[in-house]
Structures are given as C-alpha cells and as structure tokens.
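Take a look at the structure set out below.
As structure tokens, this is what we get:
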C-alpha cells in the first residue's frame, strides 16, 4: 500500500456525512495499517508510522469535538483500547496517545480530564471502559521509566496500576479538578493522592511546563507529603522513585519549605514504602530506573545524610555524565558540574568499565579544569604510563581521556614529573591516533609541557625536545 493511496483514502472520508462515520472509516484504515505493517513490528522506526499518526490524528479530531455523544465517546475508548493492547513498540503507542492529548493542549492531566466526561462516568459500563483505558495509558506512560522492560514485568506492573485506579472515584476527582486540596477530607485516600500525583509528574517528565503548572505541582506535592505523613500511609513501591524525583526538584522551593514542617521525618515516612533495596546493596543503583537523571537530584541526594549510599549517588553521577558532552554546554552549567563532582569521583569514572565514551570524555574535561593533588596526579600518571606503554596493546579509546585529565595541572608539576610525562607522550606512535582530535590533543599537551620546561632546560636538550615536538605535530612530513 503506497502512501499516496493511504492519503487518498483519508481525503475520501471528507465527503461522508458526519464525524462519527468519518472516524469509523478511518479506524478501519488504521487497523489495516497496523495489521499489515506492524504485526509484528520488526523495525524500531517503521516508514508507515507517519501515515499511521496522520490517520489517528484525523480520528481524534473527529471524536474529541463530539465526546459528549455516547457513540463518539465509546468509539474513542475503543480506538485507544485497541491501540494500547497491540504488540507494537511502546514509543509508537505513546506518540499516538500524545496526539490525542495535543488536541486539548497536551499533557497527561488534560488527557485524563478529556476522558472523564461527567455524564459518561455515571454510566457503569462507560465507567469500567474508561477505567480500563486509563489503566493502559498510565501503565504504558509509567512503565517506560522502569529499569526492566519485559512483558512479564509489564503485566505485573499493569496489575498495580489497575488496583490503584479501581480504588479511586473518578467522578469525585474530576469534580475536584484533580487537585488534592479539593477532595473532601473524608474521601481522601492514598490511591487518590497517588493518582493526582501521577498525572502531574508525567506532565513534568514530558516537559509540559510553565510557571503556573510548576506552582500547581508544588502545592499538590506539599499536600501529598503532609497528608501521607499524618495519615501514616505508605507510597506504593512503584511510585517511590517518582516521589523522590519530585522532592529532589522542588523540596528546596521556598513555598515547600514554608509549608512542610519536619521534612526529614516526612521523607523517611515516604521511604518506608520503598523496596528494601532503596538504600542497601548493589540493587540500589536501579532505584530510579530509566527516569532521566537531573543535576537537582544529584545535589539533593548528596545533601541527604543517611538515606542514600555512595553507590547510588555515583550511579546517578555516572548517568548524568553520559547525558551530553560538557563541551557543548555553557559556562554556568559547567561550573555547576565542577561543584558537584570531586576529582576523586571523576577519576573513579575514568577507571570504571561501566563508563561510556561520553561519560569518560566529560569526566576528563572536568578534570582538566582542576589542579590535581599529588595522590590523584600519581593515579593519572600511572594510567597514562599504562595506556601508552608500547610493550602493551594500546587502549586507543582511553589514553586520551587520561592525558586530557592532567591538562589543568601541567603548570603545577615539578620539573621531573613534566619531563617524565613529556617523554612518555613524545613516544606515542602516530599510528595510535584514531582521529585528528586525538593528535591535536597530544600536540597541545606536549606544547604546554615544553613551554613549562623552557626555563629549566639547557639549550641542547631544549633543541632535541623541540625537534621531537615538531615531528609529532606535523605527521607525514
């Protein structure tokens, strides 16, 4: 089926009498595309995805404006249910759900408000269908941040979300505009608080922002923390990482600090619902799953005296160094990273096998902006000796990181150390360079060492070093 044919089929529906009929015909087309091109899905990005998104966009445009009509609303629920139950990639499902959310301004909270039509929630059949669709939407949205992405784990996760949604009163929450403080005190439950929190936190993770939405998030976080503490409730284990993520972003907010007394006690109460491995053992490294790491979270974790071990903090530090190159960020962000990472931690990053090439590059760049202590310098020089030893196999991907790391300390080196380092680098074979950037780094480092050694060297030795430097800086001549 060519794209022209599909687009022609979409255009042909415009001559039909009403939106419900158009949406019904387009739904048949969408299911045909899914059955032909995505059963099963064999590629991460399929060329037909563009057409599929276009069809669903047209379906949603037809149904959203008439969602007060029972038949239109039932078709909307059916379209979502059929999509979310299919065995296709999660990113495609969520992208199409975002298209629906986009028709009402974007975001999970607005999407849920779209699906919670008062007159339909009074109908038991439609209420059950709405609960089912919301369970699928929230399960997929939250599961993308879990550490493990396997079908059997998803089924167990789906059961947890289903239990939460079955315990809430959707009509009541809709009337309260999904605000914690609007829920009648006698009707507040841990499930309703968690549901309201999830809607806002997913919006935060999706980048649906703005000052008013951020303030709304903070006030609901304050209410949730206080209520959970005084009611002695426990956060479900699957939500602990999201609550901690919210606290790490906003617990230093003035509004939060003014309205949450004894924050340490209340945070410990929240942690009591977490799995036992949150603060213990190697498994603590996975507590935040696939949540995008933030500078705020690392800073917040470092300020907590008892609750989080160094292994978890290092794992988060390693993750943020993997995010993007330090070379591409501004000076303010670089200063924040320098304040966050000690030289000891950065050397540990360079030493671990778990560090990616990006993480190693970032660690070495940050180290190059520091003056290393003598023990730290000893470790770095030892690694340079090891990596550039011609009697061993050259570690092309690693030696430049160690060389870059010592760059900022060159002016502080004593004459013997400078000469030792220069001699080692001058012997690096030109065949070792895997790219021009590595060659230029080596030339720059040798030049810096040579300039620093000039006052201490006799003319004969200086001429020999200069000749060697020129040979290295002009390969092929």
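In the working numbering, the protein residues as written are 261 to 737.
All residues carry an ideal CB built from backbone N, CA and C; glycine is no exception.
Cα-Cα separation between residue i and residue j, rounded to whole angstroms
| i | j | result |
| --- | --- | --- |
| residue 467 | residue 646 | 45 Å |
| residue 701 | residue 684 | 14 Å |
| residue 462 | residue 320 | 21 Å |
| residue 396 | residue 507 | 26 Å |
| residue 607 | residue 600 | 14 Å |
| residue 578 | residue 615 | 7 Å |
| residue 678 | residue 662 | 15 Å |
| residue 582 | residue 530 | 29 Å |
| residue 375 | residue 390 | 7 Å |
| residue 682 | residue 619 | 26 Å |
| residue 301 | residue 348 | 6 Å |
| residue 737 | residue 696 | Only weak support exists for where residue 737 lies, its pLDDT of 39 falling under 50; the coordinates are left without a value. |
| residue 537 | residue 331 | Because the pLDDT of residue 537 is 48, which lies under 50, any placement of that residue in the model is unreliable, and the question is left without a value. |
| residue 329 | residue 323 | 9 Å |
| residue 412 | residue 451 | 24 Å |
| residue 296 | residue 573 | 47 Å |
| residue 410 | residue 660 | 38 Å |
| residue 490 | residue 575 | 33 Å |
| residue 335 | residue 424 | 25 Å |
| residue 317 | residue 568 | 45 Å |
| residue 515 | residue 558 | 21 Å |
| residue 277 | residue 470 | 40 Å |
| residue 356 | residue 610 | 41 Å |
| residue 553 | residue 595 | 18 Å |
| residue 445 | residue 431 | 16 Å |
| residue 429 | residue 422 | 13 Å |
| residue 715 | residue 549 | 54 Å |
| residue 263 | residue 310 | 9 Å |
Contacts around residue i, its chain only, beta-carbon distance under 8 Å, and the 5 residues preceding and following it disregarded
| i | result |
| --- | --- |
| residue 268 | none |
| residue 637 | 666, 669, 673 and 677 |
| residue 604 | 636 |
| residue 598 | 626, 629 and 630 |
| residue 270 | 286, 289, 314, 315 and 318 |
| residue 478 | 510, 513, 515 and 516 |
Enclosing alpha helix (DSSP H) for residue i [first to last residue]
| i | result |
| --- | --- |
| residue 333 | 330-345 |
| residue 470 | Where residue 470 is concerned, there is no enclosing alpha helix (DSSP H), given that its DSSP letter is neither H nor E. |
| residue 446 | Neither: residue 446 is in no alpha helix (DSSP H) and is coded neither H nor E. |
| residue 574 | 570-583 |
| residue 263 | 263-272 |
| residue 682 | 675-686 |
| residue 564 | Here residue 564 belongs to no alpha helix (DSSP H), and DSSP marks it neither H nor E. |
| residue 551 | From DSSP, residue 551 is part of no alpha helix (DSSP H); its letter is neither H nor E. |
| residue 440 | Note, residue 440: premise wrong, no alpha helix (DSSP H); not H, not E. |
| residue 498 | Premise fails: residue 498 is in no alpha helix (DSSP H) and is neither H nor E. |
| residue 323 | 309-324 |
| residue 413 | 411-426 |
| residue 615 | Looking at the DSSP string, residue 615 is not in any alpha helix (DSSP H), and its letter there is neither H nor E. |
| residue 703 | 696-713 |
| residue 638 | 634-647 |
| residue 278 | Looking at the DSSP string, residue 278 is not in any alpha helix (DSSP H), and its letter there is neither H nor E. |
| residue 601 | Per DSSP, residue 601 belongs to no alpha helix (DSSP H) and is neither H nor E. |
| residue 516 | 514-519 |
| residue 250 | This structure gives no information on residue 250, because the portion of the chain shown stretches from 261 to 737. |
Beta-carbon contacts of residue i that lie in its chain and below 7 Å, excluding the five residues immediately before and after
| i | result |
| --- | --- |
| residue 273 | 282, 285 and 286 |
| residue 502 | 461 |
| residue 350 | 400 and 404 |
| residue 306 | 297 and 298 |
| residue 251 | Residue 251 is absent from the model: the chain starts at 261 and stops at 737. |
| residue 308 | 293 and 297 |
| residue 366 | 468 |
Whole-Å CB distance - residue i paired with residue j, under 8 Å assumed
| i | j | result |
| --- | --- | --- |
| residue 779 | residue 519 | Summary: the structure shown does not reach residue 779, with the chain confined to residues 261 through 737, and so no result is reported for it. |
| residue 625 | residue 587 | 6 Å |
| residue 480 | residue 456 | 6 Å |
| residue 669 | residue 622 | At roughly 18 Å, the Cβ-Cβ gap does not stay under 8 Å, so residue 669 and residue 622 are not in contact. |
| residue 325 | residue 383 | Wrong, their Cβ atoms sit about 20 Å apart, outside the cutoff. |
| residue 555 | residue 580 | 7 Å |
| residue 401 | residue 368 | 6 Å |
| residue 484 | residue 464 | At roughly 14 Å, the Cβ-Cβ gap does not stay under 8 Å, so residue 484 and residue 464 are not in contact. |
| residue 360 | residue 371 | 6 Å |
| residue 434 | residue 378 | 7 Å |
| residue 293 | residue 265 | Contact doesn't hold; Cβ gap of about 11 Å is too wide. |
Residue-chain proximity (residue i, chain D), Cβ-Cβ < 8 Å
| i | result |
| --- | --- |
| residue 278 | Of the chains in the structure shown, none is chain D; there is only one protein chain. |
Contacting residues, own chain, Cβ-Cβ under 6 Å from residue i (five flanking each side not counted)
| i | result |
| --- | --- |
| residue 393 | 337, 340 and 341 |
| residue 333 | 327 and 380 |
| residue 505 | 551 |
| residue 593 | none |
Cβ-heavy atom distance, residue i to the ligand SAH, below 7 Å
| i | result |
| --- | --- |
| residue 304 | The ligand content of the structure shown is nil, which means the ligand SAH is not present either. |
Runs of alpha helix (DSSP H) lying entirely within the segment 348-383, each at least 4 residues, in chain order: 350-362, 368-375 and 378-381
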